[in-house]
Amino acid sequence: MSEIAQENVPQVEKGAKVQKLVGVKGMNDILPPDSARWEWLEAQVRGLMARYAYRSVRLPIVEPTALFVRGLGEVTDIVEKEMYSFEDRLNGEQLTLRPEGTAGLVRSVVEHNLLYEGGKRLYYMGPMFRHERPQRGRYRQFHQIGAEVLGFGGPEVDAELILLANDLWKVLGLKDVRLELNSLGQPAERQAHRTALIAHLEKHLDVLDDEAKRRLHSNPLRILDTKNPAMQNVVEAAPRLLDFLGEASLAHFNAVKAILDANGVAYSINPRLVRGMDYYNLTVFEFVTTSLGSQGTICGGGRYDYLVEQVGGKPAPAVGWALGVERVLELTKEQGEPLPGLAPDVYAIIPETTALPVAMQVLQSLRACGISALMHAGTGEGMGSMKSQFKKADSSGARFALVFGAEELAQGLVAVKSLRDGHGAQRTESLSAVSHWAHSLQSAT
Ligand code: ATP
Ligand code: MG
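Here it is as structure tokens:
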């Protein structure tokens, strides 16, 4: 190494205290063994999406702020107080870390004219960002998986999406998930309901909290979504949107229900289900559980026939849902099947560093045969005692240890020692015929 490079090696002065850096509040590291559960869930989702012939999209995490303001509506929790927005220091653009996936997906579909040759069934997965108070099931960086169908206006795709989500709970082994269903009708029906709703709420101004008062004329429907217990009575007595639906909206709703009935999907009608974003119309739904405390909604969605137009596209109907990965994973921990372990098939014990070249060649051959092999690695000053190597082998959970002792190597052999069914069972195998015995190391799971 040259002297200049040496000088550039960062060094902590002796005795100096270096402050430990920690992650951002509400943004979590996903570490082993949990990361395996995440990957398992993602694999289940990809498999199921393929069976429904939905195709995946991978979209940017940063979008223009205007997309969410226009798409989600200005008077929504997200746009009012939850967005991570910032100005691009280099060109002054107003940008936002995506708080949800639908707006970006619609932006992309419009930008690339994806509906040109007909409707599309798409899905995405990835991190979303909302500045909320972190608590169980509620984080600032969290993950969603979403399915969206664009370009089809009929109730059959609403029902298909619900069947898809319902299948996912089955695949994941979830037991306690209920479906709640409502219809928000069409804009004219909502307008008539809105007038009646405002009149009702105005009679109870004394009970309304500040947020409700603020939303009374801008977004009264959202008041029905309140979690404030003091307002529950007023909200329960409010005029129901379902009673304002015209014939076409009712027919759409009934068609969705008929398909669910025919497929044995249980649901309950919740006339107060309105959902957080402004963009919904007709069918809205949520999958809820009682097993996660107050953060019990694991998936929500509905029809959003006006969003494509809102984002500047040619009008096209659309419907979709998004699930919260953290909440679903917590449920799978409680209710799902246990996952297969992460233990490697074999642990390689290397008594002397001189054995490394041959040992690592053998491990490469094993891996090429599909065997998962973990090699003992030293401290930089030798490989450590046999005793400590065997201890590491045991705690790795591997079923076999391969011991690359000098004596065996000299004869072209390696010792294979069973670690699980009582220590001691030992045999030797040939170094030159790895593929012949590799499969015998595969863990029986
Ligand atoms: P909530 O009423 O719980 O705030 P929401 O209506 O804001 O939910 P959506 O925007 O519909 O939620 O997002 C879909 C799903 O994403 C939710 O049902 C939930 O499972 C999950 N989710 C939403 N916000 C968070 C968060 N901050 N942390 C973890 N998961 C979340
Ligand atoms: Mg929310």
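Here our numbering is used: the first residue of the sequence shown is -7, the next is one more, and so on. No residue lacks a Cβ here, since even glycine has one placed at the ideal position from N, Cα and C.
Asked: Beta-carbon gap between L233 and R295 smaller than 8 Å; Found: no
Asked: Contact the segment 133 to 146 vs the segment 209 to 219: 3+ CB pairs below 8 Å; Found: no
Asked: Local conformation of I22 per DSSP, three classes; Found: coil
Asked: Buried or exposed (CB count within 10 angstroms, at least 16 for buried), H244; Found: buried
Asked: Closest residue to V227 among G256, V16, I190 and R206 (Cα-Cα distance); Found: I190
Asked: Own chain, CB closer than 6 Å to Q403, minus 5 neighbours either side, in chain order; Found: none
Asked: Cross-strand partners of L142 (DSSP beta bridge); Found: K112 and A310
Asked: Per-residue burial, T281 [other beta carbons within 10 Å of its own, 16 or more giving buried]; Found: buried
Asked: Meets three-Cβ-pair contact criterion under 8 Å: the segment 144 to 164 and the segment 186 to 201; Found: no
Asked: Contact test: G288 Cβ vs the ligand MG heavy atom, cutoff 7 Å; Found: no
Asked: Classification of F121 by the beta-carbon crowding that lies within 10 angstroms, buried from 16 upward; Found: buried
Asked: Anticipated Cβ contact below 8 Å, A310 with V300, distance rounded; Found: 6 Å
Asked: F78 Cβ short of 7 Å to the ligand ATP heavy atom set; Found: no
Asked: Cut-off 7 Å between Cβ atoms - residues of its own chain near S422, not counting five sequence neighbours on either side; Found: G404 and L405
Asked: Closer than 6 Å: residues whose CB approaches a heavy atom of the ligand MG; Found: D69 and G268
Asked: Within 8 Å, strictly: CB atoms of R264 and L197; Found: no
Asked: Rounded C-alpha distance that separates G143 from Y272; Found: 15 Å
Asked: Collapsed DSSP secondary structure at K409 in the structure displayed; Found: strand
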